[in-house]
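In order, the protein sequence lines correspond to chains A and B. Heads up, the first sequence is in the numbering used here, so the first residue is 540 and it goes up one at a time. Heads up, the second sequence is in the numbering used here, so the first residue is 844 and it goes up one at a time. Ideal Cβ placement from N, Cα and C applies to all residues, glycine included.
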Amino acid sequence: MSALKMLNSQSEVSRRGQALIMNTSAARGFAEVLKTNLGPKGTIKMLVSGAGDIRLTKDGNVLAHEMQIQHPTAALIARTATAQDDITGDGTTTMVITIGEFLRQSERYLGEGVHPRVIAEGFELAKVRALQFLEEYKVQKDTTDRALLVDVARASLRTKLEQELADQITEIVVDAVLTIRREKQPLDLFMVEIMTMPHRTANETRLVRGLVLDHGARHPDMPKKATNAFILTCNVSLEFEKTEVNSGFYYRSHEERQKMVDAEHALVEERCKKIIELANTVRGNDKNRGFIVINQKGIDPICLDMLAKANIIGLRRAKRRNMERLTLACGGSAINSVEDMTPEVLGHADEVQEQVLGEEKYTFIEGVKNPFSCTILIKGPNKYTIEQIKDAVRDGLRAVKNTIEDGFVVPGAGAFQTAAYLDLMKFKETVSGRAKLGVEAFANGLLIVPKTLAENSGFDATEILIKLQDEHKQGHNVGLDLVTGEPMDPQDEGVWDQYRVLKQVLQSSSVVAEQLLLVDEVMKAGKNMGRGGQEGPEQ
Amino acid sequence: MLGLNDMLKEGTKHLVGKDEALLKNIEACKKFSEITRTSFGPNGRNKMVVNHLEKLFVTNDAATIMKELDVVHAAARMLVLAAQMQESEVGDGTNLVVILAGELLKQAESLLQIGLHPSEIIAGYEKAGKKALEDLETLVVHKLDDVRDEAKVTHCLKTVLSSKQYGYEDLLAPMIAKACIQVCPKNAKNFNVDNVRVTKILGMGVSDSQVLKGFVLPRPAEGTIKHVTDAKIAVFSAGIDIGKTETKGTVKITNAEELLNFNKGEEKAMEEFIHGVAEAGVKVLVSGSTISELALHYIERYNMMVVKIPSKFQLRRVCKTVGATPLVKFGVPTAEELGHCDVVTVEEIGSTRVTIFRQDGEDSQVSTIVVRGSTDNIMDDVERAIDDGVNVYKAMCRDPRFVAGAGASEVEIARRVSTFGDGVSGLDQYAIQHFAQAFEIIPRTLAENAGLQANKVVSNLYAAHQKGHADFGLNVETGEVASSTSLGFLDLLGTKTYAIRLATNTAITVLRVDQIIMSKPAGGPKPPKQGPMDGGDDF
């Protein structure tokens, strides 16, 4: 009986061997689940939430999030995967299966009585070496080249969506990032608005150079369409606001009351009139030019009416984030009071249009001059399709951003992993002592990626691995062609991995694997571990 | 090694692989499509559905059946979602989607049983789906050249209605045609389904239904004036009452005289206002909210009619009908803001008193079909048929091309895709052949529902098509195979294209799933649906 049991009879303890077995088996089990998702030929998982909502996904991050993992070891790995996603936006599945494989490889040696510490040391050495190798192996490219970015994004997106759709989205995300890119300024992906419309088919997803807002004008007489329009972005309240102190009116007669009614609204009306005045001045004699007021605050019915009469489209309660995007897309600047209003603060758009879908209204602001903000409009026949595309678009954007920022790419399709394996095996010879074993386990562990890619495409994994290694030994830098099952040159085919994703995977996976190896006691007070609980850690 | 189930929250189900996930899903979809199958076509039978609120539906409209069934099975839910999308995009052909998707999956099941991999089936289905849609384009047999010609439109609407309300199609089709053409805007593409209203009034029979140019409001007028002709109409969206301050107001009165004066002042102001309105020539007032007693008094005195419409959507429709601008402020309207209506009258139809805004001239933007029927269920079903008809008219305005109905185009597609499959090498040819076979389900179902021998009918159809009669379909009344075009069985190309696309996509999505992870169903009532933050309009 352990000391903890004496302190808390409800607690559970698993020690030494047991703890290690539990950790390795959980890591392997979790990896096994995600394995089938890897690569373009991976299969889809269907998640059904408690409320019965359906979600289809191949994305490791989404799965790690939505699966409600309770097992402590699996949860730890899932969290690492989530961190991977936060940092790089991709490579979550790779991360999970690599950790699983590292532990599986070390199990062999542990069984022979090697101390986990020794293996962990080997891992550490191997990690440093692998990172070094990555630095040598990476390819420096002009990452502002659109063709290259398309290649990188395609490689990432094809693992999330079916091929045809992935290729289409690829173009969209690359163009979106290139639109918002400004010289010498960090990329801000928030400037790409992602808007979804449950409408038509996924193939109609497109990039809107401008903005799409998910609300519309609130007055039936306002024009539904405006061309060559001025855009006024403002944060001015156009509705009556109550005083902050508790106030009231006293009146004696109807006339007095009427005056108060009028006075109450006079201030707001004054502001509204100023806007209309500005509209009339800038429009001049050209009455066909549109004028759109996009307000972050409210616009009350009376003001809406005034605006409608002046042929102005008024949108109220725009989202905060859209205010920033609007000025970036259309030009001009956002104003906070009508006093600042000059013709210079106005933006411009060639076409503003309202579209109604059932009860939802959408406003399209398109044809802007020099956009630094744009919208990816995702369409799809149902919620799960839209969600799936949305996750993919997010990852695609990140992939493009990573590449631009890194300035490097790495040949993909398992080429790096194979090359790193061979390099580590050479390195192993130079390592003295038992840490050799750890290096070997690490090297073997890396091969899980090409192995799984082959398995998921229905090829014989061992055969493929040998083929790839042979080619590499002859100095050919090859990856796996998933269609033919033959080695191919990823540089020719345009299959590129992102540098920072691989770097992060090497870093984190080895750290987590080491940590799990070095755990010798799992203590849990109170609740039972795992499922069913009774036998707890003894599984 | 730990399985996934050991890692997840208790109660979570995890289904993996062909047998557990895929075949179960297919089974569920098959079962589901069998439910709606018997409701397909003119001889389709009705279903009695009692929903969770214990409301009874008697209908053969697949969209309604599915909506009320509250399907929870995840895969079957995907079929429902596909059908709902069809409903919201085209408004017709929901049953076609479900039957076709169900049949495609059934065919896939037999392919799986002979050992094909899902990915091969998917590849085949994708190819075949593309081919089917291409072929469909070439099967156009009829083009509606004038969307304003009642006879021609009626001709095209008949097929749709005969599958919903068999026997009434000769009555309903001309009514729908008339109602739609009345409100069809100059640019027919902008036709708005919302402008054709359906009002259900209990009593008489379906054959007593009629079309009205104008709008029927299911409530009587407020005052005693019940009939007005050639009337100017003022619409107040904010109600007819003396203005109130937003800030709390208190009447401060110190003696009896002041009280009297205050009342008198109010009365005077109201009289002035109503007098002004009457002076402007207004005969009917419409209020979107309350009408004060005082106002009502003066309105009566000036012999004007007053109608209260609490729903802002209804109010907007009235505005459209009469061409008025809704007034937000209490004040005498200008001439442009007034609307005009030829007859406003309160009538008693059945035991319901309704207010009819009727336009005898050309300028109504709203038309109403008054549906009569002996029970609510009958009227509901007729309404659904009318909805489908109006939606088809809208689709017609966008794309006036028709293909031969009564199973003719399906058999032709089956024939052509099958020939196409013969020329394809590789395993996906099996999938293409089965895809083609799946289309037979349409004429088969038509025949089965009509009590004919399905096998004989299908082989007769094939024989006719082989001879080059590409438009030969099944005449369900005689059981003979004849030219659909000359019988007037026409299906809209758009409906069919969309249905095939959705059905194919859904089937493919179901096939792509290899694992299902289901959370424990959440207990308790579902959370209320959240509307948009800034929901609704002020008018």
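Please go through the same chain and pick out, in chain order, the residues whose beta-carbon is closer than 8 Å to the beta-carbon of residue i, but skip the five residues on each side of it.
i: A:K922; result: D592, I593, P737
i: A:G661; result: V970, R973, A974, K975, L976, G977, V978, E979, A980, F981
i: B:G1204; result: D1185
i: B:L1304; result: G1250, A1251, V1254, P1286, F1315, G1316, L1317, V1324
i: B:T1042; result: V1059, P1061, V1197, T1211, I1212, V1213, V1214
Which residues in the same chain have their Cβ closer than 7 Å to the Cβ of residue i, if we skip the five residues on either side of it in sequence?
i: A:L717; result: R685
i: B:E1320; result: none
i: B:D935; result: V1003, D1231, N1234, V1235, T1338
Report the partner residues of residue i according to the DSSP bridge assignment.
i: A:F903; result: A:V751, A:Q892
i: A:M561; result: Answer is none; A:M561 lacks a bridge partner.
i: B:G1092; result: A:F788
i: A:H1015; result: None; A:H1015 has no bridge partner.
i: B:M1222; result: DSSP lists no partner for B:M1222.
Any idea what DSSP makes of residue i, helix, strand or coil?
i: B:H916; result: coil
i: A:F998; result: coil
i: A:S971; result: coil
i: B:S831; result: Residue 831 of chain B lies beyond the range of chain B shown here (844 to 1382); nothing can be said about it.
i: A:P950; result: strand
i: B:A1077; result: strand
i: B:F1382; result: Note on B:F1382: pLDDT 49, under 50, position unreliable in the model; the coordinate value appears next. Three-state result, B:F1382: coil.
i: A:K1042; result: helix
i: A:E766; result: The question names Glu, but residue 766 of chain A in the sequence shown is Thr. If DSSP states are grouped into helix, strand and coil, A:T766 belongs with the strands.
i: B:G1269; result: coil
i: A:N576; result: coil
i: B:D1051; result: helix
i: A:N834; result: strand
i: B:L856; result: In the sequence on display, residue 856 of chain B carries Lys and not Leu. If DSSP states are grouped into helix, strand and coil, B:K856 belongs with the strands.
i: A:S1048; result: helix
i: A:P920; result: coil
i: B:A1123; result: coil
i: A:E732; result: strand
i: B:S1210; result: strand
Under 6 Å Cβ to Cβ from residue i, same chain only, skipping five residues before and after it: list those, please.
i: A:R1070; result: Its pLDDT being 46, under 50, A:R1070 is placed unreliably in this model, and the coordinates cannot settle the point.
i: B:G945; result: C872, K873, S876
i: A:L846; result: G853
i: B:G1379; result: At B:G1379, the pLDDT of 44 sits below 50, so the modelled position is not reliable; the number obtained from the coordinates is stated separately. Closer than 6 Å at Cβ, skipping near neighbours: no residue.
i: A:G484; result: In this structure chain A extends from 540 to 1078, so residue 484 of chain A is not present and cannot be described.
i: A:L586; result: R594, E605
Residue i versus chain B: which residues are under 8 Å apart at the beta carbon?
i: A:V587; result: A917, I1359, I1360, M1361, S1362
i: A:R810; result: Neighbours of A:R810 on chain B: none; closest Cβ ~16 Å, over 8 Å.
i: A:G599; result: Those do not exist, as A:G599 stays about 13 Å from chain B at its closest Cβ, beyond 8 Å.
Closer than 7 Å by beta-carbon distance: list the chain A residues that pair up with residue i, in chain order.
i: B:L1345; result: P920
i: B:G972; result: The contacting residues do not exist; B:G972 stays about 12 Å from chain A at best.
i: B:T855; result: Q607
i: B:E1109; result: H793
Which residues in chain A have a C-beta closer than 8 Å to the C-beta of residue i? List them in chain order.
i: B:K925; result: Residue identity differs from the one stated: residue 925 of chain B is Ala in this sequence, not Lys. By Cβ distance, chain A contributes P920, N921.
i: B:M921; result: I593, N921, Y923
i: B:F1105; result: R791, S792, H793
i: B:R1227; result: Those within 8 Å of B:R1227 in chain A number zero; the least Cβ separation is about 17 Å.
i: B:V1356; result: T582, I583, K584, M585, L595
Mind pulling the chain B residues with CB within less than 7 Å of residue i?
i: A:S1048; result: None at all; the shortest Cβ gap to chain B is about 19 Å.
i: A:T744; result: Those within 7 Å of A:T744 in chain B number zero; the least Cβ separation is about 14 Å.
Under 9 Å between beta-carbons, which chain A residues line up against residue i? List them in chain order, please.
i: B:T1093; result: G787, F788, Y789, Y790
i: B:S931; result: P737, H738, L896, G897
i: B:L1137; result: Going along chain A, no residue has its Cβ under 9 Å from B:L1137, so there is no contact; the nearest lies around 12 Å.
i: B:I1096; result: R791
Taking C-beta pairs closer than 9 Å, name the residues in chain B that residue i reaches, listed in chain order.
i: A:E890; result: What A:E890 touches in chain B: nothing, since even the nearest Cβ is about 17 Å away.
i: A:I708; result: Neighbours of A:I708 on chain B: none; closest Cβ ~16 Å, over 9 Å.
Would you mind listing the beta strand (DSSP E) stretches within the segment 871-941 of chain B that are 3+ residues and don't spill past its ends, in chain order? 890-893, 899-902
Which runs of the alpha helix (DSSP H) fall wholly inside the segment 1312-1347 of chain B and span at least 4 residues, in chain order? 1327-1330
For the segment 1272-1310 of chain B, which segments carrying the alpha helix (DSSP H) assignment without a break, of at least 4 residues, lie completely within its bounds, in sequence order? 1284-1292, 1297-1309
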